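Everything on this sheet refers to the single structure shown next.
There are 4 protein chains.
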Amino acid sequence: MSLKMNREELADYLAEIFPQVREDFVIDALSEDGVTMRLLTAERHLRPGGTVSGPSMFALADVSVYAIVLARLGRQALAVTTNCSMDFMRKPRGDVAMIAQCRLLKLGRSLAVGDVLILSEGSDAPVARATMTYSIPPVGSTAADSG
Amino acid sequence: MSLKMNREELADYLAEIFPQVREDFVIDALSEDGVTMRLLTAERHLRPGGTVSGPSMFALADVSVYAIVLARLGRQALAVTTNCSMDFMRKPRGDVAMIAQCRLLKLGRSLAVGDVLILSEGSDAPVARATMTYSIPPVGSTAADSG
Amino acid sequence: MSLKMNREELADYLAEIFPQVREDFVIDALSEDGVTMRLLTAERHLRPGGTVSGPSMFALADVSVYAIVLARLGRQALAVTTNCSMDFMRKPRGDVAMIAQCRLLKLGRSLAVGDVLILSEGSDAPVARATMTYSIPPVGSTAADSG
Amino acid sequence: MSLKMNREELADYLAEIFPQVREDFVIDALSEDGVTMRLLTAERHLRPGGTVSGPSMFALADVSVYAIVLARLGRQALAVTTNCSMDFMRKPRGDVAMIAQCRLLKLGRSLAVGDVLILSEGSDAPVARATMTYSIPPVGSTAADSG
Chain A
1 MSLKMNREEL
11 ADYLAEIFPQ
21 VREDFVIDAL
31 SEDGVTMRLL
41 TAERHLRPGG
51 TVSGPSMFAL
61 ADVSVYAIVL
71 ARLGRQALAV
81 TTNCSMDFMR
91 KPRGDVAMIA
101 QCRLLKLGRS
111 LAVGDVLILS
121 EGSDAPVARA
131 TMTYSIPPVG
141 STAADSG
Chain B
1 MSLKMNREEL
11 ADYLAEIFPQ
21 VREDFVIDAL
31 SEDGVTMRLL
41 TAERHLRPGG
51 TVSGPSMFAL
61 ADVSVYAIVL
71 ARLGRQALAV
81 TTNCSMDFMR
91 KPRGDVAMIA
101 QCRLLKLGRS
111 LAVGDVLILS
121 EGSDAPVARA
131 TMTYSIPPVG
141 STAADSG
Chain C
1 MSLKMNREEL
11 ADYLAEIFPQ
21 VREDFVIDAL
31 SEDGVTMRLL
41 TAERHLRPGG
51 TVSGPSMFAL
61 ADVSVYAIVL
71 ARLGRQALAV
81 TTNCSMDFMR
91 KPRGDVAMIA
101 QCRLLKLGRS
111 LAVGDVLILS
121 EGSDAPVARA
131 TMTYSIPPVG
141 STAADSG
Chain D
1 MSLKMNREEL
11 ADYLAEIFPQ
21 VREDFVIDAL
31 SEDGVTMRLL
41 TAERHLRPGG
51 TVSGPSMFAL
61 ADVSVYAIVL
71 ARLGRQALAV
81 TTNCSMDFMR
91 KPRGDVAMIA
101 QCRLLKLGRS
111 LAVGDVLILS
121 EGSDAPVARA
131 TMTYSIPPVG
141 STAADSG
């Protein structure tokens, strides 16, 4: 049980494979058990009324679990989201960052599960929670589908 | 059991309240029981490898259930997503539209539930499925939170 | 795409491997695409107020998806539930059978997904819906864990 | 933010309203933020192979969230499960108790959300996780349906 990438290596790798989202996410902390990820809330993440959009929170939760899986398995790993459950519990603030606290609950041979608590920076009341399952195809496969 | 808006009125209203997503979604069909919604897949919806991103499919499912709830309740209605579950089952094509077939399963006093089957246009094999729950605050409330 | 067991063979096999639930479930119909399963509602499935308990509906959904996976893969198949999402939408009747209409949405190399609509017999309004994911370990493995 | 019932009062009340499950569950700890609940694993909770059944784990998660909602709102409260998501991550042991660690994430006017980590006693590796949403009808309503 150890990390194959440190925080800087992981950030570089995510920026390389997700050029579209490079400016959105910052890794605040990384350990063997999980990751804390930050969404740099910007106009493109907002909905009318100044709240953060559901798809933006989905993306934050998804990239968080993906990041800890990659950090544990290394760059060569393939991992495909197969399931997501989310609860939206409070109105998010649109004028501060969103913080995702992600715990890796399982890292098996073929499935990884992480759960994520999402908060508006500066508040302790959770805005949303998510659980993401990733399918991990055997090394050498082409990830043509998700299992 | 009837619709408060027809397809054209609903499309106009969605474009008015979601200016950010105006160019993404088209309503193909609308009935009392559900809606068929199309995502006009574009570069901004893609991930490396040419597949449609998870957040884009989340947005498609979310707007589909929102649309049928609005069509049934009318413009004055408030509705806030409280829960989502999604399964990602096959690799989506990035070069065709995505089609969401949404059924309204419940429209209660305070909760609405819809499920959505998502396909790549021209294929019968589902790419993803989603269920969305919306909380419907009493008329006159301010939707400060989601219940 | 074909069935490895017909309805009678599947019913016998389920009764053999699930002796605890033999008296609870009846297979009404079976096809390559899904199964219709009936819960013979009895006192042990009820909650105060005469409604069917959540765990009983969970069991009905779970066995439905398991049944269609077995019917497609055959007796030697292992399959372990890895994920469930359920929505409880209406109060079930405790004095009639519950009907589960299950569709197999995906049967992949390592994952199967089915969704289930649950109704009280004689009514068209869905009481609950569920989606179940099964992990299918490679033949020859011991299913020591779920992936 | 305080408790309307202490641990003993809550245990008595649950035994009174759920006579069927009186012998299954024990409340280990109760605070404003959550509850720790124990399933006294017995033959009736098992599946072939000696693992705890899915419906038994569903029941454990469901009663845990229900218990903390009742403890916070008091005896007169109505609360109906509307949504559940569960991930089954490891094989449970059938020869020890199961422990549910439940956190109350939201207690709103009309919705409550709790998440639950389920472990086999004596192990730190989570067997399952669940999130349950309860709808809380206004006092005086009859809970004829779930919202």
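Residue numbers (the UniProt record's numbering), protein chains in the order written: chain A, 1 to 147; chain B, 1 to 147; chain C, 1 to 147; chain D, 1 to 147. Yeah, the Cβ is synthetic: ideal placement off N, Cα and C, and Gly gets one too. All of these numbers come straight from a predicted model, not from anything done at the bench.
DSSP, reduced to helix, strand and coil, places ASP33 (chain D) outside both helices and strands of the structure shown, so it counts as coil. In this structure, DSSP gives ASP62 (chain C) a helical state, which the three-state scheme calls helix. From the listed residues D:GLY50, D:ASN6, D:ALA42 and D:ILE118, the smallest Cα separation to SER31 (chain D) is found for D:ASN6. In this structure LEU105 (chain C) touches VAL113 (chain C) by the C-beta definition: roughly 5 Å separates them, less than 8 Å. When 7 Å is used as the limit between beta carbons, LEU105 (chain C) is near these residues of chain B: MET89, PRO126 and ARG129, in chain order. For ASP87 (chain D), the uninterrupted beta strand (DSSP E) run begins and ends at 80-88, by DSSP. Its Cα nearest to that of SER135 (chain D), the residue D:GLY108 stands out among D:GLY108, D:GLU9, D:SER64 and D:LEU119. Boundaries of the beta strand (DSSP E) around ILE99 (chain B): 98-107.
Shown here, ASP28 (chain B) sits in a strand according to DSSP, grouped into three states.
By the Cβ criterion, the segment 96-103 of chain A is in contact with the segment 50-63 of chain A, since at least three pairs of Cβ atoms, one from each stretch, lie closer than 8 Å. Here the segment 76-89 of chain A does not lie against the segment 30-47 of chain A, with fewer than 3 beta-carbon pairs under 8 Å apart.
LEU10 (chain A): member of the alpha helix (DSSP H) spanning 7-17, first to last residue. According to DSSP, ALA130 (chain A) shares a beta bridge with A:MET86 and A:VAL116. For LYS91 (chain D), the CB contacts under 6 Å within the same chain, skipping 5 residues up- and downstream, are THR51 in chain order.
Residue burial annotation: ALA29 (chain B) is exposed, with fewer than 16 other C-beta atoms found within 10 angstroms of its C-beta.
One alpha carbon belongs to ALA125 (chain C), the other to GLU121 (chain A), and they sit about 42 Å apart. Of all residues in the UniProt domain "Thioesterase" (49-123) of chain B, only THR82, ASN83, SER85, GLY108, ARG109, SER110 and LEU111 come within less than 7 Å of chain D when Cβ atoms are compared, listed by chain position. Only those residues of the segment 29-48 of chain A whose C-beta falls short of 7 Å from the nearest C-beta of chain D would be listed, and there are none.
With a cutoff of 7 Å on beta-carbon distance, VAL63 (chain B) and PHE25 (chain B) are scored as near each other. Per DSSP, the beta-bridge partners of SER135 (chain B) are B:VAL80 and B:LEU111. Separation of ASP87 (chain D) and THR133 (chain A) (C-alpha to C-alpha, rounded to the nearest whole angstrom) is 9 Å.
When the beta-carbon positions are compared, ALA61 (chain B) and ALA130 (chain B) come within less than 7 Å of each other. Around the beta carbon of GLY49 (chain A), a 10 Å sphere encloses fewer than 16 other beta carbons of the protein chains shown; the residue is thus reported as exposed. Measuring C-alpha to C-alpha distances from THR82 (chain B) to each of A:LEU70, A:MET89, A:ASP33 and A:SER123 identifies A:MET89 as the nearest. Take LEU46 (chain D), set aside five residues on each side of it, and the residues of its chain with a beta-carbon closer than 6 Å to its own are GLY94, in chain order. The beta carbon of ILE17 (chain C) falls within 7 Å of a beta carbon belonging to chain D, placing the residue at that interface.
A distance below 7 Å between beta-carbons, with the five flanking residues on each side excluded, links ALA67 (chain C) to the following residues of its chain, in chain order: LEU10, LEU14, ILE27, VAL35 and MET37. Put simply, the backbone Cα of ILE118 (chain B) is about 31 Å away from that of VAL127 (chain D). About 15 Å separates the CB atoms of LEU3 (chain C) and ARG103 (chain C); that is not less than 8 Å, and the two are not in contact.
Judged by their CB atoms, SER85 (chain C) and SER85 (chain D) are nearer to each other than the 7 Å cut-off. Under DSSP, THR51 (chain C) forms a beta bridge with C:ARG47.
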